[in-house]
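First up is the structure itself, then whatever we jot down about it.
Residue numbers (this note's numbering): 187 to 349.
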């Protein structure tokens with residue numbers, strides 16, 4: 187096993203957990219908030235998608251698939267408090283975009299050498315991910331961090347324990 191395998195495995199486990207936790211959610215349930223001040227799941231999924239693309243572009247500009255026009259603004263801090271379901275996408279659209287961005291980032295990982303993974307991350311990222319490999323591992327873990335909120339919302343909605 188090497189560093190590529192470890193990071194790829196992190197992305198695979200993140201996908202598995204997200205897919206499992208969201209498998210029985212409806213589009214309307216994505217607009218629910220785990221607690222009043224938390225972001226709803228539609229916004230969180232958009233945030234995860236934008237984050238994957240952001241970090242991929244930090245490694246290789248123009249290396250990630252484009253997102254729909256206005257997607258980043260639609261899921262920025264300014265829209266986190268919006269409860270307008272019409273301003274957000276369907277679950278299927280979010281999961282498709284999430285899979286697309288995640289797969290593109292894994293493809294990028296597969297193209298990087300161990301030396302490239304050991305290079306310094308971009309300056310504005312170094313404080314929390316010093317090297318490119320650290321950044322990729324952190325991005326894979328980022329999705330799992332949000333899964334805690336997915337789990338809390340499952341409980342709030344009375345859904346069964348997923349695993």
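Here a beta-carbon is modelled for each residue, glycine too, at the ideal position from N, C-alpha and C.
Given this structure, state the Cα-to-Cα distance separating residue 283 from residue 235, to the nearest angstrom.
7 Å
Contacting residues, own chain, Cβ-Cβ under 7 Å from residue 288 (five flanking each side not counted)
197, 201, 238
So, using beta-carbon positions, are residue 300 and residue 225 closer together than 9 Å?
no
Using only alpha-carbon positions, find the residue among 203, 204, 246 that is nearest to residue 298.
246
Decide if the region 249-264 is in contact with the region 202-211; the criterion is three or more beta carbon pairs, one per stretch, under 8 Å apart.
no
Which full runs of the alpha helix (DSSP H) of 4+ residues lie inside the region 292-334, going along the chain?
300-303
Give a yes or no on contact between the region 215-234 and the region 266-283, applying the rule of three or more CB pairs nearer than 8 Å.
yes
Run through DSSP, which three-state label would residue 218 get?
coil
Exposed or buried, residue 349, counting other C-beta atoms within 10 Å across all chains shown (16 or more means buried)?
exposed
So residue 281 packs on residue 193, CB below 8 Å; how close in whole Å?
About 21 Å separates the two Cβ atoms, so there is no contact after all.
I need the boundaries of the alpha helix (DSSP H) containing residue 261, first residue and last residue.
Premise fails: residue 261 is in no alpha helix (DSSP H) and is neither H nor E.
Which two residues bound the contiguous alpha helix (DSSP H) that contains residue 244?
227-245
Reduced DSSP secondary structure (H/G/I, E/B, other) of residue 195:
helix
Run through DSSP, which three-state label would residue 202 get?
helix
Exposed unless 16 or more other CB atoms sit within 10 angstroms - verdict on residue 223
exposed
Can you say whether residue 340 is buried or exposed, counting buried as having 16 or more other CB atoms within 10 angstroms of its CB?
buried
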